[in-house]
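The structure appears below as structure tokens.
Number of protein chains: 2
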Amino acid sequence: MRRFLIGQARKGLVDHTTRRQHHQTRSFLSLLPPSFSTNSPRAAPLVSLSRFMSSTSDMAASSDSTSSLPVTLDSINPKVLKCEYAVRGEIVNIAQKLQEDLKSNKDAYPFDEIIYCNIGNPQSLGQLPIRFFREVLALCDHSSLLDETETHGLFSTDSIDRAWKILDQIPGRATGAYSHSQGIKGLRDTIAAGIEARDGFPADPNDIFLTDGASPAVHMMMQLVLSSEKDGILCPIPQYPLYSASITLHGGSLVPYYLDEATGWGLEISDLKKQLEEARSKGITVRALVVINPGNPTGQVLAEENQRDIVNFCKQEGLVLLADEVYQENLYVPDKKFHSFKKFARSLGYGEKDMSLVSFQSVSKGYYGECGKRGGYMEVTGFTPDVREQIYKMASVNLCSNISGQILASLVMSPPKPGDDSYDSYMVERDGILSSMAKRAKTLEEALNNLEGVTCNRAEGAMYLFPRISLPQKAIEAAEAEKTAPDAFYCKRLLNATGVVVVPGSGFGQVPGTWHFRCTILPQEDKIPAIVDRLTAFHKSFMDEFRD
Amino acid sequence: MRRFLIGQARKGLVDHTTRRQHHQTRSFLSLLPPSFSTNSPRAAPLVSLSRFMSSTSDMAASSDSTSSLPVTLDSINPKVLKCEYAVRGEIVNIAQKLQEDLKSNKDAYPFDEIIYCNIGNPQSLGQLPIRFFREVLALCDHSSLLDETETHGLFSTDSIDRAWKILDQIPGRATGAYSHSQGIKGLRDTIAAGIEARDGFPADPNDIFLTDGASPAVHMMMQLVLSSEKDGILCPIPQYPLYSASITLHGGSLVPYYLDEATGWGLEISDLKKQLEEARSKGITVRALVVINPGNPTGQVLAEENQRDIVNFCKQEGLVLLADEVYQENLYVPDKKFHSFKKFARSLGYGEKDMSLVSFQSVSKGYYGECGKRGGYMEVTGFTPDVREQIYKMASVNLCSNISGQILASLVMSPPKPGDDSYDSYMVERDGILSSMAKRAKTLEEALNNLEGVTCNRAEGAMYLFPRISLPQKAIEAAEAEKTAPDAFYCKRLLNATGVVVVPGSGFGQVPGTWHFRCTILPQEDKIPAIVDRLTAFHKSFMDEFRD
Numbered sequence: 001m002r003r004f005l006i007g008q009a010r011k012g013l014v015d016h017t018t019r020r021q022h023h024q025t026r027s028f029l030s031l032l033p034p035s036f037s038t039n040s041p042r043a044a045p046l047v048s049l050s051r052f053m054s055s056t057s058d059m060a061a062s063s064d065s066t067s068s069l070p071v072t073l074d075s076i077n078p079k080v081l082k083c084e085y086a087v088r089g090e091i092v093n094i095a096q097k098l099q100e101d102l103k104s105n106k107d108a109y110p111f112d113e114i115i116y117c118n119i120g121n122p123q124s125l126g127q128l129p130i131r132f133f134r135e136v137l138a139l140c141d142h143s144s145l146l147d148e149t150e151t152h153g154l155f156s157t158d159s160i161d162r163a164w165k166i167l168d169q170i171p172g173r174a175t176g177a178y179s180h181s182q183g184i185k186g187l188r189d190t191i192a193a194g195i196e197a198r199d200g201f202p203a204d205p206n207d208i209f210l211t212d213g214a215s216p217a218v219h220m221m222m223q224l225v226l227s228s229e230k231d232g233i234l235c236p237i238p239q240y241p242l243y244s245a246s247i248t249l250h251g252g253s254l255v256p257y258y259l260d261e262a263t264g265w266g267l268e269i270s271d272l273k274k275q276l277e278e279a280r281s282k283g284i285t286v287r288a289l290v291v292i293n294p295g296n297p298t299g300q301v302l303a304e305e306n307q308r309d310i311v312n313f314c315k316q317e318g319l320v321l322l323a324d325e326v327y328q329e330n331l332y333v334p335d336k337k338f339h340s341f342k343k344f345a346r347s348l349g350y351g352e353k354d355m356s357l358v359s360f361q362s363v364s365k366g367y368y369g370e371c372g373k374r375g376g377y378m379e380v381t382g383f384t385p386d387v388r389e390q391i392y393k394m395a396s397v398n399l400c401s402n403i404s405g406q407i408l409a410s411l412v413m414s415p416p417k418p419g420d421d422s423y424d425s426y427m428v429e430r431d432g433i434l435s436s437m438a439k440r441a442k443t444l445e446e447a448l449n450n451l452e453g454v455t456c457n458r459a460e461g462a463m464y465l466f467p468r469i470s471l472p473q474k475a476i477e478a479a480e481a482e483k484t485a486p487d488a489f490y491c492k493r494l495l496n497a498t499g500v501v502v503v504p505g506s507g508f509g510q511v512p513g514t515w516h517f518r519c520t521i522l523p524q525e526d527k528i529p530a531i532v533d534r535l536t537a538f539h540k541s542f543m544d545e546f547r548d
Numbered sequence: 001m002r003r004f005l006i007g008q009a010r011k012g013l014v015d016h017t018t019r020r021q022h023h024q025t026r027s028f029l030s031l032l033p034p035s036f037s038t039n040s041p042r043a044a045p046l047v048s049l050s051r052f053m054s055s056t057s058d059m060a061a062s063s064d065s066t067s068s069l070p071v072t073l074d075s076i077n078p079k080v081l082k083c084e085y086a087v088r089g090e091i092v093n094i095a096q097k098l099q100e101d102l103k104s105n106k107d108a109y110p111f112d113e114i115i116y117c118n119i120g121n122p123q124s125l126g127q128l129p130i131r132f133f134r135e136v137l138a139l140c141d142h143s144s145l146l147d148e149t150e151t152h153g154l155f156s157t158d159s160i161d162r163a164w165k166i167l168d169q170i171p172g173r174a175t176g177a178y179s180h181s182q183g184i185k186g187l188r189d190t191i192a193a194g195i196e197a198r199d200g201f202p203a204d205p206n207d208i209f210l211t212d213g214a215s216p217a218v219h220m221m222m223q224l225v226l227s228s229e230k231d232g233i234l235c236p237i238p239q240y241p242l243y244s245a246s247i248t249l250h251g252g253s254l255v256p257y258y259l260d261e262a263t264g265w266g267l268e269i270s271d272l273k274k275q276l277e278e279a280r281s282k283g284i285t286v287r288a289l290v291v292i293n294p295g296n297p298t299g300q301v302l303a304e305e306n307q308r309d310i311v312n313f314c315k316q317e318g319l320v321l322l323a324d325e326v327y328q329e330n331l332y333v334p335d336k337k338f339h340s341f342k343k344f345a346r347s348l349g350y351g352e353k354d355m356s357l358v359s360f361q362s363v364s365k366g367y368y369g370e371c372g373k374r375g376g377y378m379e380v381t382g383f384t385p386d387v388r389e390q391i392y393k394m395a396s397v398n399l400c401s402n403i404s405g406q407i408l409a410s411l412v413m414s415p416p417k418p419g420d421d422s423y424d425s426y427m428v429e430r431d432g433i434l435s436s437m438a439k440r441a442k443t444l445e446e447a448l449n450n451l452e453g454v455t456c457n458r459a460e461g462a463m464y465l466f467p468r469i470s471l472p473q474k475a476i477e478a479a480e481a482e483k484t485a486p487d488a489f490y491c492k493r494l495l496n497a498t499g500v501v502v503v504p505g506s507g508f509g510q511v512p513g514t515w516h517f518r519c520t521i522l523p524q525e526d527k528i529p530a531i532v533d534r535l536t537a538f539h540k541s542f543m544d545e546f547r548d
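Protein chains in written order, with full-length UniProt numbering: chain E, 1 to 548; chain V, 1 to 548.
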């Protein structure tokens, strides 16, 4: 009976129809190999949600009954249609549906819970927030607490001091007011000081734009530099799909460069040059280069020499360097350190007048993992005043980012210091999280490398492993029969057998003919052994089923 | 001496150069009369910030010294260049500079402080947040407070109960986790219940998309329906410039319809039809109609019959009705009530299958005015499942809106009820703010109507007055000599003489040859008499200087 129900669930959930293919003008995807393109007959339609989004009760899905509605797939912006975002795509929707079913049908599945390893969302998996940060936020939210004597018993003295300091930096102490479009000046001062301390080079608070997480900052820069599909962005493959999504939404062309799996996801300048020249020969003006360091989904930390070469390359080729540095606190190996690209640019003697460089940072990552707060900033350097004016105007159209997120962005760049009341407990929390993440990364990496046909580079940083799976030909054929990318086929099977949610490599891009998935290292330590066991058992049974 | 300094300040601050004119492809502005277009030689360059944005010290502004930088005004996205956003435009930047100067040069100006009446930002002008809302936010931010006995002395019992209820609605009680892309389901349930109670018609939590304020929601809908300049949006003139800005950024055409000042900013269906037909005759497919009710910048509340006509018009013409209803709590006259467009659509018998309707709401407005929290939602009804899937995907690319803003959006739709511990004090706060706003609106409206050549419709709702000023020909000529729109010329003179910041009507659009400004009703009551005095004295002296 149980097997029958699983079979049914699989059938209902895994089976799906391909999304309508739309006539599209020349797409950035044409620059990518077929295995990356979602227009390829092999590839999975990564977002196909309609069956899992409850629609209003009286709405019928048939086109007849909704024929009087004005908006159709044929009339909407084709860039929206084209955009894909795998980390919240089809597999996650299947998982949400399974989770819902689990509540009433506990015995129908061979697992008790869904474990979301699809997204870097640490607190959703039980990581606790850093207490000092939350104390300051609560005091700023409800500042009349600062006038109460009981508050001194409930909050650390440095959180009280910090809250006062922050409130004094906010005009009128009004935490409920729109701020300056770039964010509260005093908080930007704190962030700039944090960057200076990190890099050993000056940082200007007027270069900081506080944003609701890093995503809106990336969108803003893409919107600025992309005018048409003739404008390209050099982007790593594999990449975090925010980049492909925002390039698509803003109508530009993604120009891929490949990270080399064999050398631990290294970046070859010769490959960058080749891709740049190829794009130029197709009439594409490449505007910027995206680098993600530490890497997402690949988890590598770039070598210092490599970073210098990238800076020189951007300088020589006249490219904006868009540096995704949101994992700057997430390093797990003693032989690697985080260095910002700005530090290398300045140490090579490139100043404001020499090259354009944007660094993205977020409160969602690091050891704090405050994803729900939507805080972040970009440091924008090396743009002429007239172009900067345009960036300022874009920020102004959305008024400002949320003030709690702004405050938190200042806190992560200026945490408690030795001697502060919170310092000892803060360090215990911080180091506990980071050392546990390192341990979890290692355990999962080893487990993956023990699986037949699986190889996995070490996670030097970030929050992910990106193992490569050699899929048997029979599995590839079975996937094709289901009109699914082979790695998506594997991930769906994994989900249905274990409740573990990972994202197929095809959502990030990969060398044609190779297959991967991205798995976060974020489940709490006590869950890891069970995950390893379930993964190992699943993989064996999958291989037994499909081995050539 | 003082006069000399004022003269200097004026010269340095008011004088400016026009922004570089760029070759632009056919623009939505071509549909607008010259007085609205910022490309017109008459019009003010509304955003010209470079002189007021400190740039990094070693960056020189000359093109020579920055010639090696890759990004120039000629290479960036022309839609960004074209976009204007007056409420944070040039006048505000002059004001910020004056405010900075005031600190060291107190005697240089005939005023002690800058009073920002340019933007609906109540807490920046001294309005206090609603205590219950902030108590709940603080408890959710730092939930371990809920385990402490002292908390019961510091917080109301209903804020504690509400915080528990909300935490229980958040998976794993993780307020620091990314939520569902549409927002936390339990909070959407609360909001849907609030909409049902307001309208008397069902609301579905799956139709709610929580957003960081209303602005990103507006952008999302514009991005969905606009593919090219052949797609148009019917938009009121005067309008809130978020609409013109987002239509420009997403490459569509703004199709203006005029609100009739003579009938209290009424909306004539015959004018809507005329504009729609004219746009269609130019080959533009009009996709949606924007209505702002209560009106911004115009402050009117639409008549019920008018709302029904608008609903019928959208239904008949196949337009998406984009209803900006963010001022739904801000009504100041006993003869008008707020009714949502959805309520009228449903009462006319139009359901999910009949018409597409989006309602925008924000925590920034109302009596709460929590602008800095960036909370809001859109209720999306009447879209086919496949189109809804695309909206969901767009929301997913930015992961989710900030959780504090989400919580606040649920609170404003479900405030304390009779019998709750906070109820009495909450009602005192709420009614105090709303009745004071009504009083301030009345006082300012009367003062404006007492000025020579000024007429001002009553503020029935929202947070603004939009007086019309008959400028003497000499003033218009003086403005032309300064290459400034006449109303911008007036507003800059007003700022320099009084420290009061208002926004020229040309930033919102107006009938050609008429001049207005938008002034919020938000300065605290004790400031109003001084504002009236300064405004009256300035206006008299301005008219004396320029009277024909």
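Here a beta-carbon is modelled for each residue, glycine too, at the ideal position from N, C-alpha and C.
* Asked: Near E:Ala258, which residues of its chain fall below 7 angstroms by C-beta distance, leaving aside the five closest residues on each side in sequence?
  -> For the sequence presented, residue 258 of chain E should be read as Tyr rather than Ala. Cβ neighbours of E:Tyr258 beyond the five flanking positions: Ile237, Asp271 and Val511.
* To the nearest angstrom, how far is it from the Cα of V:Ile91 to the Cα of V:Val501? -> 7 angstroms
* Spatial neighbours of E:Ala462 within its chain, please: CB distance less than 7 angstroms, with the 5 preceding and 5 following residues excluded, ordered by chain position. => Pro294, Gly295, Asn296, Gly299, Tyr327 and Asn330
* I think E:Gln123 touches V:Gly375, with their Cβ atoms under 8 angstroms apart; what is that distance to the nearest whole Å? -> With 8 angstroms as the limit, E:Gln123 and V:Gly375 do not qualify as a contact, their Cβ atoms being about 20 angstroms apart.
* Check the Cβ of V:Gly382 against every Cβ in chain E and list those closer than 7 angstroms, keeping chain order. => Leu69
* Starting from the beta carbon of E:Arg430, find every residue of chain V whose beta carbon is closer than 9 angstroms, and list them in chain order. => The contacting residues do not exist; E:Arg430 stays about 15 angstroms from chain V at best.
* **Same chain, Cβ closer than 7 angstroms to E:Lys474, neighbours up to 5 away in sequence not counted** => Phe546 and Asp548
* Taking only beta carbons into account, state which residues of the stretch 133-161 of chain V come closer than 7 angstroms to chain E, listed in chain order. => Arg134, Glu135, Leu137, Ala138, Asp141, His142, Leu145, Glu148, Glu150, Gly153 and Leu154
* With DSSP run on the structure shown, which of helix, strand or coil describes V:Phe542? -> helix
* Contacting residues, own chain, Cβ-Cβ under 8 angstroms from E:Tyr178 (five flanking each side not counted) -> Leu399 and Cys400
* Asked: Can you tell which of E:Arg162, E:Ile115, E:Leu210 and E:Lys185 has its C-alpha closest to the C-alpha of V:Pro171?
  -> E:Ile115
* Asked: According to the neighbour-count rule (16 or more other Cβ atoms, all chains shown, within 10 Å of its Cβ), is E:Ile269 buried or exposed?
  -> exposed
* Asked: Under 9 angstroms, do V:Tyr426 and V:Ile130 count as touching if we go by C-beta distance?
  -> yes
* Asked: Nearest-angstrom Cα distance between E:Phe4 and E:Lys439?
  -> Unreliable placement is indicated for E:Phe4, whose pLDDT of 36 sits below 50; no coordinate value is reported for it.
* **Buried versus exposed call for V:Glu113 [16 or more other C-beta atoms within 10 Å across all chains shown]** => exposed
* To do: Show which residues of chain V have a CB atom less than 7 angstroms away from the CB atom of E:Gln239.
  => Those within 7 angstroms of E:Gln239 in chain V number zero; the least Cβ separation is about 14 angstroms.
* Please determine, among V:Arg518, V:Pro523 and V:Asp431, the residue with the shortest C-alpha to C-alpha distance to V:Asn457. => V:Arg518
* Starting from V:Leu444, follow its DSSP beta bridges and name the residues at the other end. => Answer is none; V:Leu444 lacks a bridge partner.
* Should E:Thr520 be flagged as near chain C, meaning a C-beta pair shorter than 9 angstroms? -> Reference to chain C is not applicable here, since the protein chains of this structure are E and V.
* To do: Closer than 8 angstroms, Cβ to Cβ, to anything on chain V: give me those residues from the stretch 337-364 of chain E, in chain order.
  => Gly351, Glu352, Lys353, Asp354, Met355, Ser356 and Ser364
* Whose Cβ in chain V lies nearer than 8 angstroms to the Cβ of residue 549 of chain E? -> The structure shown has nothing for residue 549 of chain E, since chain E only spans 1 to 548.
* Does any CB atom of chain E fall closer than 9 angstroms to the CB of V:Val326? -> no
* Compare the C-beta of E:Lys79 against all C-beta atoms of chain V and say whether one is closer than 9 angstroms. => yes
* Starting from the C-beta of E:Thr536, find all residues in its chain whose C-beta is less than 8 angstroms away, skip the five residues before and the five after it, and write them out in chain order. => Ala447, Asn450 and Leu451
* Of the residues that make up the stretch 179-192 of chain E, which ones have a beta carbon closer than 7 angstroms to any beta carbon in chain V? -> Ser179 and Ser181
* Contacting residues, own chain, Cβ-Cβ under 6 angstroms from V:Asn85 (five flanking each side not counted) -> For the sequence presented, residue 85 of chain V should be read as Tyr rather than Asn. Counting only Cβ-Cβ distances below 6 angstroms, and skipping sequence neighbours, we find Pro241 and Ala245.
* DSSP on V:Ser69, reduced to helix/strand/coil? -> Per the sequence shown, residue 69 of chain V should be read as Leu rather than Ser. Three-state result, V:Leu69: coil.
* **Which of helix, strand or coil DSSP assigns to E:Cys400** => coil
* To do: Have a look at V:Asp168 and V:Asp161 and give me their C-alpha separation to the nearest angstrom.
  => 11 angstroms
* Secondary structure of residue 554 of chain V, DSSP reduced to three states -> Since the first residue shown for chain V is 1 and the last is 548, residue 554 of chain V is missing from the structure and cannot be characterised.
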